[in-house]
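Notes follow once the structure below has been shown.
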Amino acid sequence: MTVTHPVVAEEVALGGGRSPAPPGRPPAADVVGRLTRPLPALLLVGLLAAGWQLMADASGSALIPGLGDVARNLVDIAASGALWDNVRVTLTRVALGFAAAFVVSVAAGIAMGRSEWLRRFLEPAVLIGLATPGLVKALLCVIWFGVSLLNPILTVALAAAPALTINVAQGVRSVDPALGEMAHVYRLDALTRLRYVWLPAIVPDLFTGARLGIAMAWKVIVLVEIFGLADGVGYQLNLEFSQHNVAGVLAWTVAFALVMAAIEYGLLQTLERRAVRWRRVALR
Amino acid sequence: MSVRISLDGVDKAFTNRRTGERQQIFRDFSLTLAPDELVAVVGGSGTGKTTLMHLIAGLERPDAGTVSTGGGRPRLGMVFQQPRLLDWTSVETNVRLAATAAGVDAAEVAPILAAVGLTEYARSYPSVLSGGQRQRVAVARAFVVRPEVLLLDEPFSALDELTARRLRLLLQQLWLRTPRTGLLVTHNALEAAFLADRVVVLGGRPAEVVREYRIDRPRPRSPEDPELFDVHRRIVAALT
Ligand SMILES: Nc1ncnc2c1ncn2[C@@H]1O[C@H](COP(=O)(O)OP(=O)(O)O)[C@@H](O)[C@H]1O
Ligand SMILES: [Mg+2]
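Order-wise, the sequence lines are chains A and B.
Each residue of the first sequence is one higher than the last, beginning at 181 in this note's numbering.
Each residue of the second sequence is one higher than the last, beginning at 1317 in this note's numbering.
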């Protein structure tokens, strides 16, 4: 078609200058707010630590080591390089396993969200996966796959996938069908629909699923490392346990908790804030 | 390309989800829109005006009969009763996605946004806009694709009168430049008389064409044309 475009702005000028100034970018980050946000969480950690120390002092037992003991163990494993080596090994396993679960779950979740038949077909598998204890998954993978890298990746994937899948399916089901009709009328192609209609709509459920999935992943990776592998945080925990070093067990536990906190606060929450920025702008 | 739209012997029923009752919206319903004709449909709410539009857009299939849009699948510009915007991306992107899918250059987005008075909001999220402004985005999206068929479902009813008036003028201008086949659903009989070549009054269940008015006033028309008021009076009389 070679028609010139029929709408010319000048001829029916609408609303020029009448509209109020549009809202700009969100105001520069509120520094005070950003600094005070972690205070409640830090307060809780401080209280727990103080309570622990009181308990340690009162009991005087080697089974409840004081904070100083735990800190010394933490410094030791950090100085020897063992801390970083093992955390890296464990994180790599979790990351690979979670990535595998993510790909499978997004595909399966979208399928289940869009087709009633596929939902009925896949739902039992997902529910069995959710109900099976992480210990069982870990043991079976150790038995079947031994010490190969496949073992921890598969265990983590099996642990993370069910929660992730159910949440993606839920998100897809909640996408407004009116937007699908709009996409159909304007003939948006499949990639545009995925990028602009499906994914943004399921982002909140995707994050819920990712959190649950990662939580499950942490639990099983430790088990797999205890039962079937010769390195990683779980292996080190078991090593300290067998040497009756309670402070060592606690030092690894603290290290592990710090890594999880870094992932939740540093990675997940940052990504989530960016993904749902449009909601916050809307609330202004 | 000019498109003739015809519905022939169309049956369409819905089952009410709550009561389980079957509602026959259309039975043996026929309507033809001549090429480049703008037809306005007025009628009480729940008559089947939106259903008629969805049948033409291919969003609903008739239970019986045929809906034809000139053999092919014409390029549609559609303003739904709700704006149906992607809230997580900018106003500009909302319009651009439709333009790109229709093979229209992205450079044409800005003039359209200017025409609906939203230039300053191009980079804003739709969620910061008022209801009327959101509907104007939907109008821009419908116009930008150079539609062969334009389907407008109460497009201006959520707007303040001043904006509605300007968009009616914009719509008239669109027809003056490039006529195309169009269906305009409206509750506003004067709007129908001002814009349409023909006004169809829909009523009853199943819905039928109760009355039809051909409006032969040449364009450009004036919203103050006394003759249009006369038509308006007769449409209102038919509605009540
Ligand atoms: N998808 C649907 N499922 C069930 N009932 C529907 C559906 N769409 C419309 N209806 C019913 O059909 C009737 C006509 O609806 P509609 O075409 O939207 O009316 P109008 O646009 O004239 O107000 C209404 O009673 C409505 O409840
Ligand atoms: Mg309607």
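Ideal Cβ placement from N, Cα and C applies to all residues, glycine included.
Contact list for residue i against chain B, beta-carbon separation under 7 Å
| i | result |
| --- | --- |
| A/Glu361 | Leu1375 |
| A/Val426 | None at all; the shortest Cβ gap to chain B is about 50 Å. |
Any non-hydrogen atom of ligand 2 within 7 Å of residue i CB
| i | result |
| --- | --- |
| B/Gln1397 | yes |
| A/Thr388 | no |
| A/Asp385 | no |
| B/Asp1469 | yes |
Residues bridged to residue i [DSSP beta-bridge criterion]
| i | result |
| --- | --- |
| B/Glu1528 | B/Val1516 |
| B/Asp1327 | B/Ala1380 |
| B/Met1394 | B/Leu1467 |
| B/Ile1321 | B/Leu1349, B/Thr1385 |
| B/Gln1339 | B/Phe1330 |
Where residue i sits in the DSSP three-state scheme
| i | result |
| --- | --- |
| B/Ala1356 | strand |
| B/Val1501 | strand |
| B/Glu1543 | helix |
| B/Asp1344 | strand |
| A/Gly213 | helix |
| B/His1370 | helix |
| B/Arg1549 | helix |
| A/Ser422 | helix |
| B/Thr1363 | coil |
| A/Ile244 | coil |
| B/Arg1450 | helix |
| A/Trp398 | helix |
| A/Val187 | With a pLDDT of only 40 at A/Val187, under the threshold of 50, the placement of this residue in the model should not be trusted; the figure read from the coordinates follows. Residue state, collapsed to three classes: coil. |
| B/Trp1491 | helix |
| B/Arg1482 | helix |
| B/Phe1472 | coil |
| B/Trp1404 | coil |
| B/Trp1523 | At residue 1523 of chain B the sequence reads Ala, which differs from the Trp that was named. B/Ala1523: coil per DSSP, three-state reduction. |
Residue i Cβ short of 7 Å to ligand 1 heavy atom set
| i | result |
| --- | --- |
| B/Ser1361 | yes |
| B/Phe1345 | no |
| B/Lys1365 | yes |
| A/Leu333 | The question names Leu, yet the displayed sequence has Ile at residue 333 of chain A. No, the Cβ of A/Ile333 stays beyond 7 Å of every heavy atom of ligand 1. |
| B/Gln1339 | yes |
| B/Asn1332 | yes |
Partner residues on chain B for residue i, Cβ-Cβ distance less than 9 Å
| i | result |
| --- | --- |
| A/Thr372 | Leu1413, Thr1416, Ala1417 |
| A/Val322 | Those within 9 Å of A/Val322 in chain B number zero; the least Cβ separation is about 43 Å. |
Contacts that residue i makes with chain B (C-beta to C-beta distance below 8 Å)
| i | result |
| --- | --- |
| A/Arg353 | Under the 8 Å cutoff, chain B gives no residues; its nearest Cβ is about 17 Å from A/Arg353. |
| A/Val286 | The premise fails here: A/Val286 is roughly 18 Å from chain B at the closest Cβ pair, so nothing lies under 8 Å. |
Listed by chain order, chain A residues near residue i by CB distance under 7 Å
| i | result |
| --- | --- |
| B/Thr1405 | Tyr376 |
| B/Val1465 | Per Cβ cutoff of 7 Å: no residues; B/Val1465 is ~10 Å from chain A at best. |
Contacts that residue i makes with chain A (C-beta to C-beta distance below 8 Å)
| i | result |
| --- | --- |
| B/Leu1402 | Leu359, Tyr376, Val377, Pro380 |
| B/Val1461 | Tyr366 |
| B/Gln1398 | Ala358 |
Cross-chain neighbours of residue i in chain A, by beta carbon under 9 Å
| i | result |
| --- | --- |
| B/Leu1392 | Val365, Tyr366, Arg367 |
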